[in-house]
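Colleague: Numbering (the numbering used here), first residue to last: 1 to 304.
Cβ coordinates follow ideal geometry from the N, Cα and C atoms, glycine included.
Please read these numbers as outputs of a predicted model, since none were measured by experiment.
#1: Where does residue 55 sit, in a helix, a strand or coil, going by DSSP?
#2: Among 175, 272 and 249, which one has its Cα closest to the Cα of residue 258?
#3: I need the DSSP call for residue 287, collapsed to helix, strand or coil.
#4: Does any residue of chain C have a CB that is nearer than 9 Å to the CB of residue 263?
#5: Return the first residue and the last residue of the beta strand (DSSP E) that residue 12 is part of.
#6: Residues in its own chain within less than 6 Å of residue 305 by CB, not counting five upstream and five downstream?
#7: Measure the beta-carbon distance from residue 124 to residue 185 and round it to whole angstroms, keeping in mind my assumption that it falls under 8 Å.
#8: What is the residue span of the beta strand (DSSP E) that residue 147 lies within?
#9: Within this structure, are the beta carbons of residue 43 and residue 128 separated by less than 9 Å?
#10: What is the DSSP secondary structure of residue 206, reduced to helix, strand or coil?
#11: Are residue 297 and residue 267 closer than 9 Å when you measure CB to CB?
#12: Where does residue 121 fall in DSSP's three states?
#13: Just tell me which of 126, 144 and 174 has its CA closest to the CA of residue 163.
#14: Thinking residue 56 and residue 62 are a contact (beta carbons under 8 Å), I'd like their distance in whole angstroms, please.
#15: The beta strand (DSSP E) that contains residue 186, what's its start and end?
#16: Touch check for the segment 231-249 and the segment 146-164: three-plus C-beta pairs under 8 Å?
#17: Does residue 291 pass the burial test, meaning 16 or more other C-beta atoms within 10 Å, or should it be called exposed?
#18: Please classify residue 222 as buried or exposed, where buried requires at least 16 other C-beta atoms within 10 Å of its C-beta.
#19: Looking at C-beta atoms only, is the number of pairs between the segment 240-251 and the segment 133-143 that lie closer than 8 Å three or more?
#20: Leaving out the 5 sequence neighbours to the left and right, which residues in its chain are closer than 8 Å to residue 41 when beta-carbon positions are compared?
#21: Rank 202, 105, 180 and 97 by C-alpha distance to the C-alpha of residue 196 and give the top, closest one.
#22: Would you decide whether residue 157 is buried or exposed? Buried here means 16 or more other CB atoms lie within 10 Å of its CB.
#23: Within its chain, find whatever has a CB closer than 7 Å to the CB of residue 122; leave out the 5 residues flanking it on each side and keep chain order.
#24: Below 9 Å between beta carbons: does that hold for residue 50 and residue 15?
#25: Is residue 202 closer than 9 Å to residue 145 when the C-beta atoms are compared?
#26: My output table needs one value for residue 91: the three-state DSSP class, helix, strand or coil.
#27: Look up residue 98 in the DSSP assignment and say whether it is helix, strand or coil.
#28: Rank 101, 36, 52 and 59 by C-alpha distance to the C-alpha of residue 71 and give the top, closest one.
#29: Based on the DSSP output, what are the partners of residue 140 in its beta bridges?
#30: Given residue 112, which residues of its chain have a CB within under 7 Å of its CB, disregarding the five upstream and five downstream residues?
#31: Hey, residue 38 and residue 45: beta-carbon distance below 9 Å or not?
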C-alpha cells in the first residue's frame, strides 16, 4: 500500500497578536459569539470574534480567576480527582460555546517524567478535530506546532489508510497570537514549548460534526493510526472488549448499535463484537454490513 503525500503550500489559519489589546469581559465575548454564530458557520463566526477573543485572553484577572477556581476544585476533597484533566479544563460553558484553558510544560526532568508528560500533553500526536477550535496564546512563549490540511471526504478512516496531506507551516502559539483549526480539514501536531505556557480555546459544538470521529495520523507514513483516547475510540475499545464476554442477552443490543449508531467506527466495532462472541452469526453480520454500506463497516466483514 502506498503512503499518502505531503505537499508544501500556504500558511495556517492564524492571526498575529494585537499591540496593547483591550481586555474583554467573558459575557461580552459570549454575546459577540452568539451574534456571529448562525448554527452552521463556526469557522466564519470564529474569524469574526478573533479580535475579541484575543482581548479575552488579555484579561489577566479572568485568566487568574480561572486558575484559582480550578485550584479550589482540586483542593475540595468532596471531588474525585479522577475527574480532573491534568492540563486542560473547561472554565466557561454557554452552549454551544465552551471556553477551555490549557497549560503546557517543556520536557524537563527524568526520562520517565518526560515520557509521562508527553502522554498527558499529547505531544507528537498528529490529529484533526471533530469540532471547530479557536485558540490564542494566553501565557509564555506557547507550544510549537506543525500544521497540515487534508480532505476528509477522500478517506474512509481505516488503520493504515494513506492520506494526502498538505503541509501549511511550522509555527508556535505565542502570547496573543490566535489560530483557527477547521474541523476535518486541519491536522496538527503539538510540540513542547520552550517554557511553561498557557492557551485559551473557544470550542463550538455542532452536533452533526461532533458525531463524526476524530482521526490521528502517522506523519512519517502519512497514514491513519488508531487512537482510543477520544470518545469514539473509547466506545470502539469497549465494544471490542464486550465481544469476548457477551452472551445472548447482549446480542440484540449489539445489533441495535450496529444498525442505529451514527458513527461508522462504532457500528463496525459492534459487528466485530458480534462476530467475536457469536461466530455462527457471521451471515447476519455480513447481511448487516451490506445493508449499512459504509466502507468502514464493509471492511469489518471483509477482514473476517
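Modeller: Judging by the given coordinates:
#1: helix
#2: 272
#3: helix
#4: Absent here is chain C; the protein component of the structure consists of one chain.
#5: Neither: residue 12 is in no beta strand (DSSP E) and is coded neither H nor E.
#6: The chain is shown only over 1 to 304; residue 305 falls outside these bounds and no answer can be derived.
#7: So it is not a contact: roughly 21 Å between Cβ atoms.
#8: 144-149
#9: no
#10: coil
#11: yes
#12: coil
#13: 126
#14: 7 Å
#15: 186-191
#16: no
#17: exposed
#18: buried
#19: no
#20: none
#21: 105
#22: buried
#23: 190
#24: yes
#25: no
#26: strand
#27: strand
#28: 101
#29: According to DSSP, residue 140 bridges with nothing at all.
#30: none
#31: yes
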